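> Take this structure, written in structure tokens, and hold onto it; I'll ask about it next.
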Ligand SMILES: N[C@@H](CCC(=O)N[C@@H](CS)C(=O)NCC(=O)O)C(=O)O
């Protein structure tokens with residue numbers, strides 16, 4: 012399998028999932044700025060929408076959308092408990108988390124990276140993000156991970172987007188449960204490996 016990624020982008024989430032799952036894959040750098048691969052190939056020819064992540068399966072077919080990709084990866088390694096079994100209410104709880112992270116958190120950060128977005132609009136998104144994180148902080152009370160004692164692909168996704176708080180100026184310093192959870196996820200060997208491989212840490 013090939014995972015198209017850009018360092019520190021939301022593609023870090025499936026990258027973490029791959030390493031947590033212990034699956035063999037080829038990471039392929041597809042810069043979100045140039046939309047070109049390192050050999051100059053136009054990334055729009057691979058994903059017409061231009062964004063990462065994208066997973067190319069061994070049969071050459073391609074899967075888009077982070078929440079779908081991480082569930083696909085989790086299901087390839089069922090013994091790793093990265094997602095509850097399909098058809099169970101717990102699986103819908105995971106999907107509830109992935110949808111929340113994608114629509115309420117991830118896509119509220121996107122305007123903060125847009126140089127053409129006016130500052131007052133950015134402030135609106137920062138305020139929204141802070142209120143979502145305040146709620147999340149309460150949800151993490153007494154829990155090691157979002158779904159309880161086990162790390163799931165939802166933790167990898169929330170970790171990935173929460174890494175953007177500092178560079179975009181979203182103030183999450185006062186959220187003790189959230190910060191303890193973030194440190195717990197950051198310390199996982201697979202997360203360290205993925206971040207090192209993307210050049211985000213040494
Ligand atoms: N709906 C997509 C959105 C992915 C997305 O926003 N990717 C960003 C990086 S975090 C990107 O590649 N941006 C560059 C672009 O859109 O050209 C998903 O959830 O996978």
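Residue numbers (my numbering): 12 to 213.
We put the beta carbon where it would ideally sit given N, CA and C, even for glycine.
Computed from a predicted structure; not experimentally measured.
Please report how far the alpha carbon of residue 60 lies from the alpha carbon of residue 126, in whole angstroms.
Approximately 20 Å between the Cα atoms of the pair.
> For residue 37, which option in 76, 45, 44 and 16 has the closest C-alpha, if you only look at C-alpha atoms?
Of the candidates 76, 45, 44 and 16, the one whose C-alpha sits nearest the C-alpha of residue 37 is 16.
> When you compare the CB positions of residue 63 and residue 22, do they come within less than 8 Å of one another, or not?
Their beta carbons are under 8 Å apart, which means residue 63 touches residue 22 by this criterion.
> Go through its chain and collect everything with a Cβ distance to residue 86's Cβ below 8 Å, but skip five positions before and after it.
Closer than 8 Å at Cβ, skipping near neighbours: 94 and 97.
> Using the Cα positions of residue 29 and residue 35, report the straight-line distance between them to the nearest angstrom.
Computed Cα separation, rounded: 8 Å.
> Given a cut-off of 8 Å on the beta-carbon distance, is the pair residue 172 and residue 112 in contact?
Yes, these two residues count as a Cβ contact at 8 Å.
> At a cut-off of 7 Å, would you count residue 7 as near ligand 1, judging by its Cβ distance to the nearest heavy atom?
With the chain running from 12 to 213 in the structure shown, residue 7 is simply not present.
> Which residues are close to ligand 1, meaning CB closer than 5 Å to any heavy atom, in chain order?
Selection output, chain order preserved: 20, 21, 43, 61, 62, 63, 76 and 77.
> Assuming contact is defined by CB atoms lying nearer than 8 Å, are residue 143 and residue 116 in contact in what I supplied?
Cβ distance < 8 Å, so residue 143 and residue 116 count as in contact.
> Three-state secondary structure (DSSP) at residue 180?
Reduced to three states, the DSSP call for residue 180 is coil.
> Would you kindly work out how many angstroms separate the C-alpha atoms of residue 145 and residue 162, rounded to a whole number?
Using only the alpha carbons, I get a separation of about 21 Å.
> Mind checking who residue 37 pairs with in its DSSP beta bridge?
DSSP output for residue 37 lists 13 as bridge partner(s).
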